[in-house]
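Below you'll find the structure, written out as structure tokens, and then a few comments.
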Amino acid sequence: MTWSATARGAHQPDNTAFTQQRLPAWQPLLSASIALPLFFCAGLAFIGLGLGLYYSSNGIKELEYDYTGDLGTSNCSVCAAAGQGRSPPPRCSCAWYFSLPELFQGPVYLYYELTNFYQNYRRYGVSRDDEQLSGLPSALRHPANECAPYQLSAAGLPIAPCGAIANSLFNDSFSLWHQRRAGGPYVEVPLDRTGIAWWTDYHVKFRNPPLVNGSLALAFQGTAPPPNWHRPVYDLSTDPNNTGFINQDFVVWMRTAALPTFRKLYARIRQGNYSTGLPRGAYRVNITYNYPVRAFGGHKLIIFSSISWMGGKNPFLGIAYLVVGSLCILMGFVMLVVYIRYQDQNDEDEDEE
Amino acid sequence: MKKGHRDATLLDHEKKWDNLHFLTSPSDGGREGWGACGSERSEVNRDQKIERPCSFLCGPSEVEETMGWRQSLQRTDMSKARTIYLNEPLKNTFCKNSISTAKYSVWSFLPLYLYLQFSKAANAFFLFITILQQIPDVSPTGKYTTLLPLLVILTISGIKEVVEDHALLETAEMQTEKQLSSLSGKIECEGPNCHFNSFTGTLHLNGSSPVPVGPEQVLLRGTQLKNTEWILGIVVYTGLETKFMQNSVKSLLKRSSVEKVTNLQILVLFLLLLVMSLVSCVGGMLWKDKHGVDIWYIVKKEHNTHSFGFDILMFIILYHNLIPISLLVTLEIVKYIQALFINWDEDMHYKANNVYAMARTSNLNEELGQVKYLFSDKTGTLTCNIMTLKKCTIAGITYGDQSSRSDAGGRKLSQSQACSVTEAYEFNDPTLLRNLKNNHPTKACIKEFLTLLCVCHTVVPKRDGNNINYQASSPDEAALVKGAKKLGFVFTTRTPYSVTIEAMGEEFTFEILNVLEFSSFCAYVQAVKCVLFCVALPLFLKQCRLRTLCVAYIDLTEAEYQQWLVKYKEASTVVQDRTQSLEDCYDTIERKFLLLGATAIEDRLQARVPETITSLLKANIRIWVLTGDKQETAINIAYSCKLLSGQMPRIQLNTDSLEATQEVINQSCQDLGTLLGKENDLALIIDGKTLKHALHSEVKKNFLSLALSCRAVLCCRLSPLQKAEIVDLVKKHVRAITLAIGDGANDVGMIQTAHIGVGISGNEGMLATNNSDYAIAQFSYLEKLLLVHGAWNYFRVTKCILYCFYKNVVLYIIELWFAFMNGFSGQIIFDRWCISLYNLVFTSLPPFTLGICEQCCSQESLLRHPQLYTISQTGDTFNIKVSRRFSAGLSSRLLSEGPLDSMCKCFGPLLHSLLVAHKNAGACLILEDMVLQGGHTTDYLFLGNFIYTYVVVTVCLKAGLETLSWNKFSHLGIWGSIAMWLVFFAVYSFLWPTIPISPEMTGQVNMVLVCPYFWLGFFIVPFVCLIQNVMWKSIRNTCKRTLLEEVREMESSRIQELDLPRDSEKSPRTETANLQKSPSPQPCEVVFRNNSVDLGNPQGSAFSQVEQTGISQEELVRAYDTTKSMPVGTVPSALSKAVLE
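Residue numbers (the UniProt record's numbering), protein chains in the order written: chain U, 1 to 353; chain D, 1 to 1141.
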């Protein structure tokens, strides 16, 4: 860059503190004496918080069960063995029995967890059409190219919902039964399957296409369901507010997880007698075993979990706080040693002078 | 040709032509009007003082290097002779005179600008990425996420170019008068070329014989008339063909070393990018081998369709943001503003002629903080180049010996007055006048003395009302005449053959018989009325460091004179060895002089030169004075500006032959022994003749090591080329930044050669300024320019660069970590627009605050403790050596200042950014199956937003940690950036589906900001990332303080008077461990056997005379006639009115 010689002195701005670089400034100078209290205070604060986090995380109960059945240990191994291929026989069901010696403090949430499932794989993650899912009729008829090869069916019909994510929708289902007395009958525990998706997803991001003659089925006429689906999207549920693209299971599934091990909310247990939690007694979870995971070495888990003020169970955060806090204290002591040693020497120097 | 017409041909019909080359009349023209102009010859040269700017002459123009110009230069250099026909415009078809030094025109802007931008490697890289992104399915980040920032950056850069380019258009007007219709003929001359000092042409006027025209008759573009208001001239070159423009192609674009390191670092980052891409590719292949076949939910066909090449392109796109896209434009703007700060600085504002300092380039701002060798011109740079009569001695009595008093007074003068001639500085001794009036025994001598001062010179008087101004080619002569005038001996009129003076009320006229040339040894003599007055060269006025002259005279009889005159005429017509025979002839008459006395003239140092030099020496800058002046003068000046001190041993090299030079240099080197190569309290003095031999390839190395072992080096009697050669020698063989400062045309070479060229914009014209990188009005401003602006800029630029690297690595390395979790599929964890706006918006401010507002300590402290300069001078925090080791794009001062070894210097930021990334990756694990309060589960972008926020916070806080001085802009930049991201995040989460971008972001903010995990991480992640930084800084500031920390502590505790250990540090442990070694030179205990070492007192004298004038003094004297006013006629007055308008 070159300036012209003639521009010299011309257009000089007023002499302000800025142009003369004399703006008032704060000049912090870190030193041991300043850092010492910082380290100790931060250390104590972190340890305190860490303890709190650790205990509140420990207070969260979790009950989980791996029902993949690949080791032949559970009664789901029959289904697992049957479902070696990609299309397990429908109607394979198995069950998980467990008993609670005491109240499982509520509210209780029911999750399923998949491991070794790469929802974050790029080709998988991009294989969706958000315009279609937001109910845009044009996108319904012409799914985005990213959906390929789940863009058009073999018959050439547009797939709705298109893409690999939708195609691989988790399709196991669970029901929970409670036996209050030993030998007594199992009573079905009501599972609240609504409100499991993000509010914005259910209300904003996912919309069904406009109804045709009041019928959702007609709206989806001329489209094909994804190849792996057994029923069309408008039949996902009988509840008109939970079918089509706004089926909450579907919406939850479409939020792709960050890591290859992830859990997704299946249901909330908060109705009737179970609003305070699961009372003690024996339980049975009936599992409809459809989803094949053994092919890629994955596992399926079913999890009951309670929730604290900070969310789900996460002991690691508390531990992290404790570790960081302890390190701070440790560093504080190092600083203290440094401070005392050099303070002395400085004093000596001054004395010598 | 009639008097009263002011202009020659070619001018009238092309009013807009300007800046022409004039031919002044040949000196033997003998016509009225020409005579007046003839006097210009010695005055008007390209380094002309601007006394009366004439309207048709223009100030020097500025120059921009463009490719087109270079071509035109080469082309025209070759071109053949041209013929110019007077008064026949149609026959003359040459280029227009308008000059546009602008880089761009309206039409060429876009293509040229784009070409220039994309010839920068970084921009070309991003263009390449943009193109790659258009390949379907390859880009993980969408098609336009790189295009947008690139466009924004090109736009900003383009606006800057336009703003800069705007000023470069020159449309000066030349006011011309009537054409001389009576004149006809032609001029044949050489074609346009770049040689200032040569011109050959012939003027053929119809009806008269051809007249040769030489360089003395040519006025160059940019010349300003001084002693006359108008001239007659003929245009020979116009526009781009003028010699000035042919010369004004700036040499190579200077690049700073920091810039070079930065380019290297970008390259290293690029390699890192390639490595990361390769690793990811291999990882992807391994992953596919392990999982690929079985993963039914992932689109099967993908596994085989995409090749390795496809994958690597994908990963390059994924990681390409490692290279900071905004770095170049950030740096450009930062440096632009830094340069503005230099331009605006009131401390470098020379109020006497309202000249501000000027940064003509902003490329070298940070290099100002690294200067190790300073090459300074003497006259006009260290001194004012204004001579004043200071003392004289007449018949043994010394007058004006009040130097101590006036000096003391003078020191106190403010800078602005420093170089203007004030009464306080002029000769003022009442005793002299008293002796003259009171019939003191020496009265006759005094009278003779003053008369002689009045008469013997080549000065031309110029009446301006009642005042008489003196114009002289030698400032010394003017000083003498002015001195005499003050004592009542007023030189009033000069005619070609006589001189009239007014002495004590009476008028005397002296006839000038002959003018004997002044040569450097024997002085200048005029025979006047058979009295041979002689101003002879000097004896020594001991210790006074003034330029001295002896004044003597001899009475000659008529017969003696006639006898001599015959000899003189013979001698002056000898063809061979004319000079020698003339000198012999002078010798015959210059005898038996009666010594009247002596004068002492002072070429005053500019204000604060000794202080500045002392300060620069303390800053461990070695100062070499390179002057064309005499050795004695140079030594004198060196003493008075404290470059040399009385006890300092001097090695003087004055030899005639290569062998002798070699011998004496080797001898000196041996004498130094082990001290060779270290800095010793020695001075080396060498003259141009010896230097010629010393620069011989065999001797060069020893000479250089000898010179580098001396604290001060004085090179005298140098040609401009030699000056440049010395600078080049040091520049090539020493890894240090060199700075050359000068004011005259003879300094241009070294100004262009040195890393940084500084021009003194003052008396000697604009050539030095126009070739410099920085222009200042006073030498003393160098102190502020280097110690404050230089040091600051160095800190700022390096911090800014390293910070840009740092922040990019921190964010984008996370993608690599994430790749390990997603099967190396190229999935991004952040939203694509967040990625592309990271550099452009959310972290764009901290680099600016670091680059513009950062101050390591206050201006006052930097000036008070020049030792602080060595921090930036050594620059080991940011140099090639460091970056070579880990070739660190990331070599850095960010972590490096202090006790950490160079390993940390190199790896620091990388480690740090990896650590931050790792901690964030850790956060991934921590929050593995993150469940919200409502029991909701989350997605990848939720985690991405966590991490992104933490990165923005960490990176901004890191900037805060590196900011040593927080002003309001720092606060704005750091807190503002964090706030900006949060606001953007909030808005961005609500765009879909109204604005169809980023559906994934929908509702993120509602979920993220209410998530307790987010806030828990918000406090711990940046804390953990930065805590070890805080610890290192604290420990270092406590145990291993440098001077900088001491100073900063003093500042913050508001202790005004810093009583800091300077040269002898109180304890090596506490501070300046790394500063100490340099500034204090080692005591020198060498015994010099060599007789070249001179320990004596400085003595010397000199008398300046304009060298290389094309004409003799006799001619000069004969040419003037001040009794005649400017050519008679009515036009001049009208003209001057026109000029006034």
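Glycine included, each C-beta is placed from N, C-alpha and C at the ideal position.
- Query: Does the beta-carbon of D/Lys243 have 16 or more other beta-carbons within 10 angstroms, so that it is buried, or is it exposed?
  - Reply: Here residue 243 of chain D refers to the residue found at position 243 of the second sequence. Classification for D/Lys243: buried.
- Query: Cβ of D/Leu964 less than 8 Å from any chain U Cβ?
  - Reply: For this step, residue 964 of chain D is matched to residue 964 along the second sequence. At least one chain U Cβ lies under 8 Å of D/Leu964.
- Message: Which of the three DSSP states is assigned to D/Ile829 in this structure?
- Response: Within the second sequence, numbered from 1, the residue matching residue 829 of chain D stands at position 829. Reduced to three states, the DSSP call for D/Ile829 is coil.
- Task: Could you tell me whether the Cβ atoms of U/Ala160 and U/Leu140 are closer together than 8 Å?
- Result: For the purposes of this step, residue 160 of chain U is identified with residue 160 of the first sequence, where counting begins at 1. For the purposes of this step, residue 140 of chain U is identified with residue 140 of the first sequence, where counting begins at 1. For U/Ala160 and U/Leu140, yes; Cβs fall inside 8 Å.
- Close-in-space but distant-in-sequence residues of the same chain around U/Tyr54 (CB under 6 Å, 5 per side omitted): Within the first sequence, residue 54 of chain U is the residue found at index 54, counting from 1. Closer than 6 Å at Cβ, skipping near neighbours: Gly318.
- Task: Consider the Cβ of D/Ile129: report whether some Cβ of chain U lies at a distance smaller than 8 Å.
- Result: Locating residue 129 of chain D in the second sequence gives position 129, counting from the first residue. Not closer than 8 Å to any Cβ of chain U, the Cβ of D/Ile129 fails to qualify, so no.
- In terms of alpha-carbon separation, which member of D/Glu259, D/Lys186, D/Gly207 and D/Ile266 lies closest to D/Val236? Taking the first residue of the second sequence as position 1, residue 236 of chain D is located at position 236. The candidate whose alpha carbon is nearest that of D/Val236 is D/Lys186.
- Task: Give a yes or no on contact between the stretch 195 to 205 of chain U and the stretch 153 to 173 of chain U, applying the rule of three or more CB pairs nearer than 8 Å.
- Result: no
- Give the residues of chain U in contact with D/Asp939, contact being defined as C-beta atoms less than 8 Å apart. Here the question's residue 939 of chain D lines up with position 939 in the second sequence. By Cβ distance, chain U contributes Arg255, Thr256, Ala257 and Ala258.
- Item | Sequence-distant residues of the same chain with beta carbon closer than 6 Å to U/Met331, five excluded per side | As a working note, residue 331 of chain U is residue 331 in the first sequence. Excluding positions up to five away in sequence, the list reads Phe39.
- Cβ-based neighbour list, D/His696, same chain, cut-off 7 Å, excluding 5 preceding and 5 following: For the purposes of this step, residue 696 of chain D is identified with residue 696 of the second sequence, where counting begins at 1. Closer than 7 Å at Cβ, skipping near neighbours: Leu658.
- Message: Once DSSP output is grouped into helix, strand and coil, what is the label at D/Ala124?
- Response: For the purposes of this step, residue 124 of chain D is taken as the residue at position 124 of the second sequence. Looking at D/Ala124 - three-state DSSP - the assignment turns out to be helix.
- Leaving out the 5 sequence neighbours to the left and right, which residues in its chain are closer than 8 Å to U/Phe174 when beta-carbon positions are compared? Indexing the first sequence from 1 puts residue 174 of chain U at position 174. Once the five neighbours on either side are set aside, the close Cβ partners of U/Phe174 are Leu110, Tyr112, Leu191, Tyr266, Ala267, Val285, Asn286, Ile287, Thr288 and Ile302.
- Rounded separation between U/Phe220 and D/Asp289 - CA only: In the first sequence, the residue the question calls residue 220 of chain U occupies position 220. In the second sequence, the residue the question calls residue 289 of chain D occupies position 289. Answer to the nearest angstrom: the Cα atoms are 39 Å apart.
- Message: So with CB distances below 9 Å, who are the chain D contacts of U/Ser168?
- Response: Counted from its first residue, the first sequence places residue 168 of chain U at position 168. Trp296, Tyr297 and Ile298, listed in chain order.
- Task: Taking only the alpha-carbon atoms, compute the straight-line gap between U/Val233 and D/Val282 and give it to the nearest angstrom.
- Result: As a position in the first sequence, residue 233 of chain U is number 233, starting the count at 1. As a position in the second sequence, residue 282 of chain D is number 282, starting the count at 1. If I take the Cα positions, the gap works out to 39 Å.
- Item | Residue(s) in a DSSP beta bridge with residue 354 of chain U | Residue numbering for chain U in the displayed model covers 1 to 353; residue 354 of chain U lies beyond these limits and cannot be assessed.
- Is the shortest distance between the beta-carbon of D/Thr674 and the beta-carbons of chain U less than 8 Å? For the purposes of this step, residue 674 of chain D is taken as the residue at position 674 of the second sequence. It does not; no Cβ of chain U falls within 8 Å.
- In the stretch 433 to 503 of chain D, which residue ranges form an unbroken beta strand (DSSP E) of at least 3 residues, counting only runs that do not cross its ends? 460 to 464, 467 to 471, 489 to 495 and 498 to 503
- Task: For U/Trp229, return the contacting residues in chain D, with the cut-off set at a CB-CB distance below 9 Å.
- Result: For this step, residue 229 of chain U is matched to residue 229 along the first sequence. Correct list: empty, because the minimum Cβ distance to chain D is about 13 Å.
- Which residue comes first and which comes last in the alpha helix (DSSP H) that contains D/Asp311? Locating residue 311 of chain D in the second sequence gives position 311, where the first residue counts as 1. Element bounds for D/Asp311: Phe308 to Tyr319.
- Message: For the structure I just gave you, are there three or more beta carbon pairs, one from the stretch 978 to 996 of chain D and one from the stretch 236 to 253 of chain U, closer than 8 Å?
- Response: no
- Query: Just checking, does the stretch 1021 to 1040 of chain D make contact with the stretch 845 to 859 of chain D on the three C-beta pairs under 8 Å criterion?
  - Reply: no
- Message: Can you list, in chain order, the residues of its chain with a C-beta nearer than 6 Å to that of U/Arg123? Leave out the 5 residues immediately preceding and following it.
- Response: The sequence position of residue 123 of chain U within the first sequence is 123, counting from 1. Hits under 6 Å: none found.
- Tell me residue 1143 of chain D's beta-bridge partners as DSSP assigns them. In the structure as shown, chain D begins at 1 and stops at 1141. Residue 1143 of chain D is therefore absent and cannot be evaluated.
- Message: Nearer than 7 Å: is that true of the beta carbon of D/Tyr104 relative to any heavy atom of the ligand HEM?
- Response: No copy of the ligand HEM appears in this structure; indeed no ligand is present at all.
- Listing by chain order, which chain D residues have their CB less than 9 Å from the CB of U/Pro190? For the purposes of this step, residue 190 of chain U is taken as the residue at position 190 of the first sequence. Here the premise fails: no neighbours, minimum Cβ distance about 16 Å.
- Query: Okay, do the stretch 370 to 386 of chain D and the stretch 345 to 356 of chain D touch, 3+ Cβ pairs below 8 Å being the bar?
  - Reply: no
- Item | Nearest residue (CA-CA) to D/Ile685, options D/Gly673, D/Ser709, D/Leu714 and D/Ser668 | Residue mapping note: residue 685 of chain D aligns to position 685 of the second sequence, counting from 1. Measuring from the Cα of D/Ile685, the nearest candidate turns out to be D/Leu714.
- Message: Can you pull out the residues from the stretch 1029 to 1046 of chain D whose beta carbon lies closer than 8 Å to at least one beta carbon of chain U?
- Response: Val1030, Met1031, Lys1033, Ser1034, Ile1035, Asn1037, Thr1038, Cys1039 and Glu1045
- Going by CA-CA distance only, name the one from U/Val108, U/Val126 and U/Tyr274 that's closest to D/Ser825. For the purposes of this step, residue 825 of chain D is taken as residue 825 along the second sequence, with counting starting at 1. Among U/Val108, U/Val126 and U/Tyr274, the Cα nearest to that of D/Ser825 is on U/Val126.
- Message: Measuring straight from C-alpha to C-alpha, what distance separates D/Gly158 and D/Leu331?
- Response: What you label residue 158 of chain D is simply residue 158 of the second sequence in a count that begins at 1. What you label residue 331 of chain D is simply residue 331 of the second sequence in a count that begins at 1. Taking the straight line joining both Cα atoms gives about 14 Å.
- Under the assumption that D/Glu815 contacts D/Thr963 (Cβ atoms under 8 Å), give the Cβ distance between them as a whole number of angstroms. The residue given as residue 815 of chain D occupies position 815 in the second sequence. The residue given as residue 963 of chain D occupies position 963 in the second sequence. Actually they do not touch by this definition, with Cβ atoms about 28 Å apart.
- Task: Return the residues of the stretch 293 to 304 of chain U that lie within a Cβ-Cβ distance of less than 8 Å from chain D, sorted by chain order.
- Result: Ala295, Phe296 and Gly297
- Message: Please tell me whether U/Lys205 has its Cβ less than 8 Å away from any Cβ of chain D.
- Response: Here the question's residue 205 of chain U lines up with position 205 in the first sequence. U/Lys205 counts as touching chain D.
- Query: Taking one C-beta from the stretch 363 to 379 of chain D and one from the stretch 794 to 807 of chain D each time, how about it: are there three or more such pairs within less than 8 Å?
  - Reply: yes
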